[in-house]
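For the sequence shown, my numbering gives the first residue as -3, with consecutive numbering after it. Think of the CB as a built atom: it goes at the ideal place given N, C-alpha and C, for glycine as much as any other residue. Working notes, structure below.
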Amino acid sequence: MKTEQSREQQLLLWALLLSSLIGISIWYIQRLAATPVREWGSATVVTFSYFTNFSNGMIIVMAAALLWGRGRLANWFQSASVQSAFCLYIAFVGLGFWFLLGGPGELDSVIDWIPQLTAHTLSPVLGAVYFWRVVPKGKLTWRDPFVWLIYPVAYLVYWLFRGPRVGYYPYFFIDVNALGYAGVAAWSGALMVVLLILGGLMVLVNRRGVA
């Protein structure tokens, strides 16, 4: 059942939708423009095999489902835990980009800055604001942060299988060629702990002041 939305929630959902859509659309169009038409399918897979792009895609789906959706998918997104999970993932995109990957490298044009300012920066900030302002208080449990690890773990497993087939990895901390499996395990374990800590803080914030 679709719940009544506040004006603030609608504005934040629209902002999230547009920010993430603009960011990944530019990257996607740039990749397609540099790829022969017969290889657009594989280019699409490559684009959305990045955690940033897939997570922003998830935000687009969530925002669209909450704004216009009906049925099971829309009902699933009504869950405070589901909304919080998506907010965590997009916030992690921003934190990882700026503090782990070092922010944007040398960019060729002004248009290259737009995805950095939207998908890598604005969407993560909006995700945090959405969690703070919109997600219903007192709905999260201490089990939730562990459930939220399903997506990051699945992403890691995906690249452990895909990486050897394509010969590269999108991020240094899952690069088996450079770090070996032990190094990837160490980095992955550390990042999962960070996600658990962030998730735990979200639960604390959500439950604060609730009897």
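Thinking just about the alpha-carbon of each residue, which of the options is nearest to the one in residue i?
{"i": "T117", "options": "Q6, S16, E0", "result": "S16"}
{"i": "I193", "options": "T43, P100, L84", "result": "L84"}
{"i": "F44", "options": "I25, P32, P160, R139", "result": "I25"}
{"i": "W144", "options": "A76, L12, A11", "result": "A76"}
{"i": "F50", "options": "V89, A30, V33, W64", "result": "V89"}
{"i": "V78", "options": "R204, K135, E35, V121", "result": "K135"}
{"i": "V131", "options": "Y164, E35, V189, L62", "result": "L62"}
{"i": "P148", "options": "R34, M54, S38, V42", "result": "M54"}
{"i": "I20", "options": "Q1, A39, T48, V41", "result": "T48"}
{"i": "V125", "options": "P100, A87, V172, Q112", "result": "A87"}
{"i": "W64", "options": "L175, G101, Q6", "result": "Q6"}
What residue range does the alpha helix (DSSP H) around residue i cover?
{"i": "G90", "result": "76 to 91"}
{"i": "G37", "result": "36 to 43"}
{"i": "W94", "result": "Element bounds for W94: n/a, residue is neither H nor E."}
{"i": "I170", "result": "Careful: I170 lies outside any alpha helix (DSSP H) and carries neither H nor E."}
{"i": "Y24", "result": "3 to 29"}
{"i": "G53", "result": "47 to 64"}
{"i": "R68", "result": "67 to 73"}
{"i": "P111", "result": "106 to 113"}
So that I know if they touch, is there some Cβ in chain B lying closer than 8 Å to that of residue i?
{"i": "T114", "result": "Note that chain B does not occur in the displayed structure, where there is just one protein chain."}
Go ahead and label residue i buried or exposed: buried means 16 or more other beta carbons lie within 10 angstroms of its beta carbon, across all protein chains shown.
{"i": "D104", "result": "exposed"}
{"i": "I146", "result": "exposed"}
{"i": "A81", "result": "buried"}
{"i": "A178", "result": "exposed"}
{"i": "L191", "result": "buried"}
{"i": "W155", "result": "buried"}
{"i": "L12", "result": "buried"}
{"i": "V180", "result": "buried"}
{"i": "W23", "result": "buried"}
{"i": "Y164", "result": "exposed"}
{"i": "A115", "result": "buried"}
{"i": "L8", "result": "buried"}
{"i": "G37", "result": "exposed"}
What are the complete beta strand (DSSP E) segments, minimum 3 residues, inside the region 119 to 145? none
Validate contact between the region 93 to 113 and the region 62 to 77 using beta carbons, cut 8 Å, 3 pairs: no
With three or more beta-carbon pairs closer than 8 Å as the criterion, would you say the region 129 to 143 touches the region 194 to 205? yes
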